[in-house]
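Visitor:
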Amino acid sequence: MSKTDFHMHTVFCDGKNTPEEMVRAAIEKGMAAVGISGHSHTWFDESYCMAKEKLPAYRAELTRLKSVYADRIRVLCGIEQDFYSETPAVGYDYVIGSVHYFRLGDEYFAVDEGNENHRRAAEKYFGGDLYALAEEYYRTVGLLPEKTGCDFVGHFDVLTKYYDADPELDVTHSRYRAAWQRAADRLIEAGLPFEMNTGAISRGVKKDPYPSEEILSYLGQKGASVIFSSDAHAAANIMFAFDRLQSLAEKYGLNVVEI
Ligand SMILES: [Zn+2]
Ligand SMILES: [Zn+2]
Numbered sequence: 094m095s096k097t098d099f100h101m102h103t104v105f106c107d108g109k110n111t112p113e114e115m116v117r118a119a120i121e122k123g124m125a126a127v128g129i130s131g132h133s134h135t136w137f138d139e140s141y142c143m144a145k146e147k148l149p150a151y152r153a154e155l156t157r158l159k160s161v162y163a164d165r166i167r168v169l170c171g172i173e174q175d176f177y178s179e180t181p182a183v184g185y186d187y188v189i190g191s192v193h194y195f196r197l198g199d200e201y202f203a204v205d206e207g208n209e210n211h212r213r214a215a216e217k218y219f220g221g222d223l224y225a226l227a228e229e230y231y232r233t234v235g236l237l238p239e240k241t242g243c244d245f246v247g248h249f250d251v252l253t254k255y256y257d258a259d260p261e262l263d264v265t266h267s268r269y270r271a272a273w274q275r276a277a278d279r280l281i282e283a284g285l286p287f288e289m290n291t292g293a294i295s296r297g298v299k300k301d302p303y304p305s306e307e308i309l310s311y312l313g314q315k316g317a318s319v320i321f322s323s324d325a326h327a328a329a330n331i332m333f334a335f336d337r338l339q340s341l342a343e344k345y346g347l348n349v350v351e352i
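Residues 94 to 352 (our numbering) make up the sequence shown, in order.
#1: Should GLY247 be counted as a contact of ligand 1 given a C-beta to heavy atom distance under 7 Å?
#2: Which ranges would you report for the beta strand (DSSP E) in the region 116-177 if only whole runs of at least 3 residues count?
#3: Kindly provide the ranges of any beta strand (DSSP E) runs that are 3 or more residues long and lie completely inside the region 219-304, ordered along the chain.
#4: Just how far apart, CA to CA, sit ALA325 and THR156?
#5: In whole angstroms, what is the alpha-carbon distance linking VAL249 and TRP136?
#6: Classify GLY131 as buried or exposed, calling it buried when 16 or more other Cβ atoms lie within 10 Å of its own Cβ.
#7: I need the straight-line Cα distance from LEU237 to VAL319, nearest angstrom please.
#8: Secondary structure at PHE202, three-state DSSP: helix, strand or coil?
#9: To the nearest angstrom, how far is it from the Cα of MET94 to the Cα of ASP199?
#10: Would CYS243 pass as a contact of ILE294 if the rule is Cβ separation under 8 Å?
#11: Under 8 Å Cβ to Cβ from ALA276, same chain only, skipping five residues before and after it: list those, please.
#12: Buried or exposed for SER340, going by 16 or more other Cβ atoms inside 10 Å?
#13: Sort out for me which residues DSSP pairs ILE189 with in a bridge.
#14: Just mark HIS266 as buried or exposed, buried being the case when its beta carbon has 16 or more other beta carbons within 10 Å.
#15: Please work out which residues of its chain come closer than 8 Å, Cβ to Cβ, to ALA144, disregarding the five sequence neighbours upstream and downstream, and give them in chain order.
#16: At which residues does the alpha helix (DSSP H) containing PHE333 begin and terminate?
#17: Return yes when the C-beta of GLU173 is under 7 Å from any heavy atom of ligand 2, and no when it is not.
#18: Answer yes or no: do ILE308 and LYS122 have a C-beta to C-beta separation smaller than 8 Å?
#19: Could you compute how far the alpha carbon of LEU223 sits from the alpha carbon of GLY247?
#20: Considering just the uninterrupted stretch of the beta strand (DSSP E) at LEU312, what are its terminal residues?
#21: Would you say the beta carbon of HIS326 comes nearer than 7 Å to a heavy atom of ligand 3?
#22: Report all residues from its chain with a CB closer than 7 Å to the CB of ASP259; omit the five preceding and five following residues, and keep chain order.
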């Protein structure tokens, strides 16, 4: 398999490095291809995403880098399209579909910014039932293909980001399992690869990649494809722990694809 990585962030959103620094780091690592995937615009939370007016400059910079480095590496201009983004994901080489929020009533609660948000959302909308909140999350994930037109699915179980420190629900509970399996079945039927993502490991939040081994095992049995992603927010983390992803993919018989 060639060395590639298609999920990473730059100063255009919440990353530390410029796209050019990321591309140069990828060349130094001997990679065949690198894809930058800025966060799509979400009007209700602009703290981490690309500003709407910066999207043309983002695409222009990636176009420039493609030609400057054409003889050394294949550069792709992607986008990580949030489910609730209202800016269409058009004009990119590929789209990652990700759910970063629960939308309940007219409120948005971040999925990946701490369990406190989950508890507040569950309390207010589901009488404190965290399994109902998880069902809502995976219902949304299952709709990613239609909503975003994505090429692969970002961090499938990002809901569990803070579970190492605070497992707020039992991931072996039948309701939790049924919820993620329904979403996984829809995505497999749509023919979408699942990302294996080491972003929370490199940032010291989790010890294992997304998705969990139980989910990977299920995906392997169903013949699903996977794609390796670092979700790097700094150049040093490009292709972070991909050797671990490789052994997990082999362990569960997953078909690894690239863009
Ligand atoms: Zn994401
Ligand atoms: Zn990301």
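Every residue, glycine too, gets a C-beta built ideally from N, C-alpha and C.
Computed from a prediction, not measured in an experiment: that's the story for all the values here.
Guide: So, from the data block:
#1: yes
#2: DSSP runs (the beta strand (DSSP E)) wholly in the region 116-177: 126-132, 167-175.
#3: 287-290
#4: 21 Å
#5: Inspection of the sequence shows that residue 249 is occupied by Phe rather than by Val. Those two C-alpha atoms are separated by around 23 Å.
#6: buried
#7: 16 Å
#8: strand
#9: 45 Å
#10: no
#11: TYR231, ARG232, VAL234, GLY235, PHE249
#12: exposed
#13: GLU173, PHE245
#14: exposed
#15: HIS134
#16: Annotation for PHE333: no alpha helix (DSSP H) segment contains it, and DSSP assigns it neither H nor E.
#17: yes
#18: For the 8 Å CB-CB criterion, ILE308 and LYS122 do not form a contact.
#19: Linking LEU223 to GLY247 through their CA atoms gives a straight-line distance of about 22 Å.
#20: In the DSSP assignment, LEU312 falls outside any beta strand (DSSP E) and within the unbroken alpha helix (DSSP H) covering 306-314.
#21: Here the bound small molecules are ligand 1 and ligand 2; ligand 3 is not part of this structure.
#22: ASN208
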